[in-house]
Amino acid sequence: MTSPLLPTYARADLSFEKGEGPWLFGRDGERYLDFGAGVAVNALGHAHPHLVKALTDQAAKLWHTSNLYRIPEGERLAQRLTENTFADVVFFTNSGAEANEAAIKMARKYHSANGHPERFRIITFEGAFHGRTLATIAAGGQAKYLEGFGPKVEGFDQVPLGDLEALKAAIGPETAALMIEPIQGEGGVRTVPNVFIRALRDLCDQHGLLLIFDEIQTGIGRTGKLFAYEWTGVTPDIMSVAKGIGGGFPLGACLATAEAAKGMTLGTHGSTFGGNPLAMAVGNAVLDVILAPGFLEHVEKVGLLLKQRMAELMDRHPAVIAEVRGLGLMMGLRTHVPNTEFIAAARSEKIILIGAGENVSRILPPLIITDAEVAEAMNRLDAACAAIEAELKKVAQRGAAQ
């Protein structure tokens, strides 16, 4: 039977009916260890009791009013986010792409409010992924996402990641901001060195530019800090957030300093569903857990364990694994075989991974995982590597026989 869904995804022939913590239960009757977390979305795993209660309690009271009226839980969530970050103000969205759209508009509006509307261009970095809207695919600049959608939205310039001289050469009188992911997720779990991040901050200060961090994948505890910028020694002016902030419920946010947001005055931006009571209830519940004493320390500790165990895995299977990348619980394995093959082999061992650029398989477990679950994951990946090695050996033997 042909599916009525638009065929824009190469879906695996697998579906799930329920989840519990880091486990997914397939309709095929099998239990899978979820080390993809819905592409870093299910930060607290599946069916977390605190999130379930927050959502069901709110669902029984009020779903939607629109932003024409005050939403107290949204004000509370914004207050908690600003208290725990560099930011002064928050705009809630439904997705990461919308959060980045808000960030882009905010940066342009800032310069317009300062009397320089000609400053609208934003410099981004090769390998970036900022979303699927027309503006955010232009920001990412990757040809495979731009092809066939007409002229690229004007106002975005890409430079190679880490090339400071190319960046300096790209800054001109129309430049408004620099936009970067502290760790490129879709781009292959490429961690940006802190020295480069600090150089970006210096350039922004020198040229009167805004610094935008896309923390859609790195934020909400993923790296062992609430946000990855905390590792760098600098703060951005604007930051986009999504994925983990809703724990599985669609939620995004754009955070900014009061100065960076000065142009976003009454009527300049909006969202029908952004910040609705259901999303705000869940967002607050996520922060209840993430900000609890010891939680982020746990993420940092188990992340170090995961990295060590993955390095050991690479040592045991050098014909399969080429490199271990990442920070905290945002890790990646670059493989000698196509990452699609590695992910399929892992799935055969009942562990879920996520693909990324540069032939990387992302390891993005829920932040609640234990040492025992790390050990279980490594056992399953070890078996996947062994299966790949056995197949490689067969191929080599067939080649020798010919």
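If you use our numbering, the sequence shown corresponds to residues 609 to 1010, in order.
From the three backbone atoms N, C-alpha and C, an ideal C-beta is built for every residue, glycine too.
C-beta atoms of residue i and residue j nearer than 8 Å
{"i": "Ile1019", "j": "Leu632", "result": "Residue numbering for the chain in the displayed model covers 609 to 1010; residue 1019 lies beyond these limits and cannot be assessed."}
{"i": "Leu808", "j": "Tyr718", "result": "no"}
{"i": "Asn708", "j": "Asp822", "result": "yes"}
{"i": "Met918", "j": "Met938", "result": "no"}
{"i": "Gly646", "j": "Ile976", "result": "no"}
{"i": "Ser720", "j": "Gly856", "result": "no"}
{"i": "Pro974", "j": "Gly629", "result": "yes"}
{"i": "Phe700", "j": "Ala861", "result": "yes"}
{"i": "Arg729", "j": "Gly770", "result": "no"}
{"i": "Ala954", "j": "His944", "result": "no"}
{"i": "Ile820", "j": "Val849", "result": "no"}
{"i": "Leu921", "j": "Cys993", "result": "yes"}
{"i": "Ile788", "j": "Thr840", "result": "no"}
{"i": "Leu1000", "j": "Ala887", "result": "no"}
{"i": "Ala648", "j": "Leu972", "result": "yes"}
{"i": "Pro790", "j": "Thr826", "result": "yes"}
{"i": "Ala651", "j": "Gly793", "result": "no"}
{"i": "Asp896", "j": "His658", "result": "yes"}
{"i": "Leu663", "j": "Ile731", "result": "no"}
Three-state secondary structure assigned by DSSP to residue i
{"i": "Ile962", "result": "strand"}
{"i": "Ser703", "result": "coil"}
{"i": "Glu709", "result": "helix"}
{"i": "Met872", "result": "coil"}
{"i": "Glu838", "result": "helix"}
{"i": "Tyr753", "result": "helix"}
{"i": "Thr843", "result": "coil"}
{"i": "Tyr677", "result": "coil"}
{"i": "Glu908", "result": "helix"}
{"i": "Phe903", "result": "helix"}
{"i": "Asp771", "result": "coil"}
{"i": "His724", "result": "coil"}
{"i": "Lys696", "result": "Here residue 696 turns out to be Asp, not Lys, going by the sequence shown. Residue state, collapsed to three classes: coil."}
{"i": "Thr616", "result": "coil"}
{"i": "Thr826", "result": "coil"}
{"i": "Leu914", "result": "helix"}
{"i": "Gly855", "result": "strand"}
Residue environment, residue i, which counts as buried when at least 16 other CB atoms sit within 10 Å
{"i": "Arg619", "result": "exposed"}
{"i": "Lys752", "result": "exposed"}
{"i": "Lys851", "result": "buried"}
{"i": "Val698", "result": "buried"}
{"i": "Gln750", "result": "buried"}
{"i": "Arg942", "result": "buried"}
{"i": "Arg830", "result": "buried"}
{"i": "Thr948", "result": "exposed"}
{"i": "Val907", "result": "buried"}
{"i": "Val910", "result": "buried"}
{"i": "Arg727", "result": "buried"}
{"i": "Ser611", "result": "exposed"}
{"i": "Glu681", "result": "buried"}
{"i": "Arg924", "result": "exposed"}
{"i": "Val660", "result": "exposed"}
{"i": "Val1003", "result": "exposed"}
Segment limits, beta strand (DSSP E) that includes residue i
{"i": "Glu628", "result": "624-628"}
{"i": "Arg786", "result": "The displayed chain sequence assigns Leu, not Arg, to residue 786. That run of the beta strand (DSSP E) goes 783-788."}
{"i": "Ile820", "result": "818-822"}
{"i": "Val639", "result": "Here the sequence assigns Arg to residue 639, which means Val is not the residue at that position. First-last of the beta strand (DSSP E) with Arg639: 639-642."}
{"i": "Val968", "result": "968-971"}
{"i": "Thr865", "result": "From DSSP, Thr865 is part of no beta strand (DSSP E); its letter is neither H nor E."}
{"i": "Ile928", "result": "Reading off the sequence shown, one finds Val at residue 928, where the question assumed Ile. From DSSP, Val928 is part of no beta strand (DSSP E); its letter is neither H nor E."}
{"i": "Arg942", "result": "938-943"}
{"i": "Leu975", "result": "Looking at the DSSP string, Leu975 is not in any beta strand (DSSP E), and its letter there is neither H nor E."}
{"i": "Thr732", "result": "729-733"}
{"i": "Trp631", "result": "631-634"}
Endpoints, alpha helix (DSSP H) assigned at residue i
{"i": "Asp985", "result": "First, the residue type needs correcting, since residue 985 is Ala and not Asp in the sequence shown. Note, Ala985: alpha helix (DSSP H), 979-1009."}
{"i": "Asp1071", "result": "No answer is possible for residue 1071: it lies beyond the span of the chain, which begins at 609 and ends at 1010."}
{"i": "Asp896", "result": "885-898"}
{"i": "Gly646", "result": "645-648"}
{"i": "Phe950", "result": "947-956"}
{"i": "Ile745", "result": "742-748"}
{"i": "Leu663", "result": "657-667"}
For the stretch 918-936 and the stretch 890-903, state whether three or more C-beta atom pairs, one from each stretch, are separated by less than 8 Å.
no
Is the number of C-beta pairs between the stretch 912-931 and the stretch 704-713 that are closer than 8 Å three or more?
no
Are the stretch 734-741 and the stretch 788-802 touching by the rule of at least three beta carbon pairs closer than 8 Å?
yes
Below 8 Å, how does it come out for the stretch 629-643 and the stretch 974-988: are there three or more Cβ pairs, yes or no?
yes
Between the stretch 682-700 and the stretch 830-849, do at least 3 Cβ pairs fall closer than 8 Å?
yes
Any contact of the stretch 771-779 with the stretch 739-749, i.e. 3+ C-beta pairs under 8 Å?
no
The stretch 666-677 in contact with the stretch 877-888 per 3-pair CB rule at 8 Å:
yes
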